[in-house]
Each structure stands twice: as structure tokens, then as C-alpha cells.
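See below for the structure under consideration.
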Amino acid sequence: MINPFIRTTVIGSYPFPSWLEFASQHFDHFGTADLAELQEDAVIAAIHDQVSAGLDVITDGEQSRFDFNLSFYGYLEGIRQETASPRKWGPPAHDQRGKHEIIGELRAPRGLGAVAEFERLKRLAPAGPILKASVPGPYTLSGRLIPNAGYKDRYAVTEALLPIVRKELEDLVKAGCTELSVDEPSMSCYAYREDTKRFVDIFNRTVAPVVGKCRLSVHLCFGNYKGHAVGKRRLAPMFPDFLDFKVNEMHVEMANREFAEIDMIARIAEKMNVAVGIVDVKSYYIETVEDIVERIKLCLKYVPAEKLSVAPDCGLSQTARWAAKQKLANMVEGARKMRERL
Ligand SMILES: [Zn+2]
Numbered sequence: 430m431i432n433p434f435i436r437t438t439v440i441g442s443y444p445f446p447s448w449l450e451f452a453s454q455h456f457d458h459f460g461t462a463d464l465a466e467l468q469e470d471a472v473i474a475a476i477h478d479q480v481s482a483g484l485d486v487i488t489d490g491e492q493s494r495f496d497f498n499l500s501f502y503g504y505l506e507g508i509r510q511e512t513a514s515p516r517k518w519g520p521p522a523h524d525q526r527g528k529h530e531i532i533g534e535l536r537a538p539r540g541l542g543a544v545a546e547f548e549r550l551k552r553l554a555p556a557g558p559i560l561k562a563s564v565p566g567p568y569t570l571s572g573r574l575i576p577n578a579g580y581k582d583r584y585a586v587t588e589a590l591l592p593i594v595r596k597e598l599e600d601l602v603k604a605g606c607t608e609l610s611v612d613e614p615s616m617s618c619y620a621y622r623e624d625t626k627r628f629v630d631i632f633n634r635t636v637a638p639v640v641g642k643c644r645l646s647v648h649l650c651f652g653n654y655k656g657h658a659v660g661k662r663r664l665a666p667m668f669p670d671f672l673d674f675k676v677n678e679m680h681v682e683m684a685n686r687e688f689a690e691i692d693m694i695a696r697i698a699e700k701m702n703v704a705v706g707i708v709d710v711k712s713y714y715i716e717t718v719e720d721i722v723e724r725i726k727l728c729l730k731y732v733p734a735e736k737l738s739v740a741p742d743c744g745l746s747q748t749a750r751w752a753a754k755q756k757l758a759n760m761v762e763g764a765r766k767m768r769e770r771l
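Numbered per the working numbering, the sequence shown spans residues 430 to 771.
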């Protein structure tokens with residue numbers, strides 16, 4: 430699948446408006462119709478910001494995944510929400526995030542909610558931009574579930590989630606989704622210590638029914654919970670095995686790593702399109718249009734323009750909205766300038 434030259438895209442999430450954050454602390458004060466309205470208004474805001482920036486590809490900003498009950502875990506049967514955080518104080522990081530206990534068979538009879546999100550996005554988005562849906566892959570999703578006697582380790586939990594995610598992907602394609610991202614940041618974070626061939630096998634079995642039926646991408650970053658990375662931030666351990674992912678596009682984080690291992694994108698481009706994170710979602714330095722032009726020039730040393738997409742390093746959910754807006758606007762403007770020069 431061929432891109433328009435230097436396609437501008439995003440990873441799924443976008444910052445929540447402040448009023449949504451506030452409201453999410455007081456959901457018991459809202460009725461079901463009020464909540465539906467809140468979600469819809471938040472998606473309208475996220476669409477507005479992305480369309481104003483001029484992106485080729487937009488998402489719903491994952492605006493409705495703001496609460497346990499509305500997140501993927503809320504759709505899973507056989508788990509009990511664990512709210513106790515192992516570390517309550519000190520610097521914000523991933524080790525403050527609670528895990529959920531498995532208490533029965535893992536099932537998702539209602540799906541994972543992504544189809545309803547996509548239907549809402551289709552209804553609210555203007556004509557023009559491509560609409561992308563993002564779903565976490567089973568290995569990433571398994572990270573917050575505690576293995577037990579029935580599911581003995583993280584891989585057993587992953588295997589139980591795999592058909593659930595696969596069904597969601599199939600249902601998204603049936604709903605008319607033409608661009609799908611499977612987010613597996615846990616695979617990139619832990620490639621340095623895990624069996625990468627096993628990751629590839631898990632990934633390819635997850636996406637098997639939708640391969641060739643949509644533009645499929647994988648998002649691989651090094652973590653962004655509360656704006657922090659986890660794992661060893663190196664691409665080298667992922668390759669060459671990850672080149673066997675059955676996807677049309679691979680997204681890798683570059684900006685926050687100051688473009689370390691940038692030559693790796695040439696290897697990816699031999700097999701598929703490459704989406705490069707050229708905007709740092711963790712830094713409040715706002716990349717200027719000229720910075721963007723320079724960064725795209727660097728990418729073009731390794732990847733032809735028709736195979737290159739540019740994006741932020743990760744979803745923007747951990748970046749303040751004012752900064753996210755400016756970063757996206759400058760990214761799109763920089764890409765536009767480069768397209769003109771080509
Ligand atoms: Zn990410």
C-alpha cells in the first residue's frame with residue numbers, strides 16, 4: 430500500500446479536555462445520557478483539534494477510554510478491578526498503576542468497545558481525513574492482569590486475550606474501518622529480554638483475519654505512562670525478527686531518543702511503510718516548522734517519501750492540550766513544506 434508523500438498521522442490518544450478530567454472524578458453525578466453527551470463532546474473537541482492541524486489521518490483521541498468501566502478492562506469478564514496502587518507517593522510513574530485480579534474465565538461477550546468508538550468517530554468526523562482506530566494488542570493488554578493458577582504467566586493471559594482482540598479487529602473492519610493500528614508498546618519495551626520470535630508469532634496470529642483487508646499498522650514505543658519510558662529504549666533488539674510483522678506500516682519512536690538508530694528505518698522500509706515519531710510527546714519544547722523540515726529531511730535519507738509517514742512518538746494523552754495542538758500544527762506545516770519542495 431502506497432502513501433501520499435509524507436503522510437501526517439497520529440497515534441490513538443489525545444489529551445482529555447480539563448472539564449472531562451474533572452467530570453471523570455464525579456461520574457456518579459451524571460446520568461447515562463449525560464455521560465454519552467460528555468463522551469461525544471470530548472470526541473468533537475479532539476476531532477476539531479486534529480482537523481484544524483490539517484492531519485491526513487485522525488482518530489477519536491480515545492476520549493471515551495477515561496475510566497476503568499469504559500476502558501478495555503471494563504469490557505472484560507473474569508477480572509476484579511484492583512484499585513490499590515503499589516506505590517502511592519513520590520514521582521508519578523507506571524509502578525503506581527494498579528493491576529487487575531483474574532477471578533474467572535477471561536471473556537468479552539460485548540467486545541472491547543472499539544467498534545462503538547469507531548462508529549461515533551465516523552458519525553462526527555468531517556469528510557476528508559482518513560479515520561484510524563487503535564486497539565492494544567494482547568501482550569500489551571495482558572500487562573495489567575495478574576496471572577493466577579488458571580492463567581499461569583503473562584503469556585497465558587496473552588493467549589486468552591488474543592482471540593478477543595482478534596475478534597475486535599475483525600468487527601472494526603466489518604464496520605468499515607480502513608485504517609487500523611494495533612498498539613504493542615510492551616513488545617518494543619521488552620524486546621531486549623523476551624523471545625522476539627514469540628512476539629512476532631503472537632502478533633501475526635492476532636491480526637491474521639484482517640491482513641490485506643485494511644491498512645494495518647503497529648505502534649511500537651518505549652512507554653509513556655505519566656510521560657515516562659520503561660524498558661531499554663533501543664530498536665536493535667527488535668530486529669530483524671520484527672520485520673516479519675504482517676503489517677503495512679510500522680511506527681517507531683525517534684524524537685525523544687534524539688533519532689538514535691535512525692538508520693534502522695531503512696531496514697523497515699525494505700519490507701513495509703514506516704511511520705516515524707518526529708514529535709516528542711514528553712517535551713514541552715515545541716518543535717518549530719523548521720525543526721520538522723530538518724527531521725523529515727533526515728528520515729528521507731533512509732526512506733522514500735512515498736513510504737514515509739510522520740507522527741508524534743506516541744499518543745498525546747500525556748501532553749498538555751495546548752502543547753499537543755501546537756506540535757501537531759507545526760508537524761503538518763513542516764510536512765507540507767517538504768512535500769512542496771519535492
Ligand atoms: Zn506509545
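For glycine and all other residues, C-beta sits at the position ideal for the given N, C-alpha and C.
C-alpha gap between residue i and residue j, whole angstroms
{"i": "residue 659", "j": "residue 567", "result": "18 Å"}
{"i": "residue 478", "j": "residue 444", "result": "10 Å"}
{"i": "residue 720", "j": "residue 683", "result": "14 Å"}
{"i": "residue 528", "j": "residue 434", "result": "42 Å"}
{"i": "residue 612", "j": "residue 484", "result": "20 Å"}
{"i": "residue 622", "j": "residue 446", "result": "37 Å"}
{"i": "residue 652", "j": "residue 620", "result": "13 Å"}
{"i": "residue 756", "j": "residue 742", "result": "11 Å"}
{"i": "residue 578", "j": "residue 589", "result": "14 Å"}
{"i": "residue 744", "j": "residue 540", "result": "23 Å"}
{"i": "residue 523", "j": "residue 650", "result": "15 Å"}
{"i": "residue 693", "j": "residue 699", "result": "10 Å"}
{"i": "residue 570", "j": "residue 644", "result": "22 Å"}
Residue i CB to nearest heavy atom of ligand 1 below 8 Å
{"i": "residue 440", "result": "yes"}
{"i": "residue 709", "result": "no"}
{"i": "residue 614", "result": "yes"}
{"i": "residue 744", "result": "yes"}
{"i": "residue 682", "result": "yes"}
{"i": "residue 653", "result": "yes"}
{"i": "residue 648", "result": "yes"}
Residue-chain proximity (residue i, chain D), Cβ-Cβ < 9 Å
{"i": "residue 593", "result": "Judged by its chain identifiers, the structure shown contains no chain D, having just a single protein chain."}
Residues that residue i bridges to, as DSSP identifies them
{"i": "residue 561", "result": "608"}
{"i": "residue 450", "result": "Its beta-bridge partners do not exist; DSSP assigns none."}
{"i": "residue 575", "result": "530"}
{"i": "residue 646", "result": "610 and 678"}
{"i": "residue 487", "result": "560"}
{"i": "residue 469", "result": "Bridge partners of residue 469: none, in fact."}
{"i": "residue 654", "result": "657"}
* Asked: Quick one: complete alpha helix (DSSP H) runs, 4+ long, within the region 700-769?
  -> 718-729
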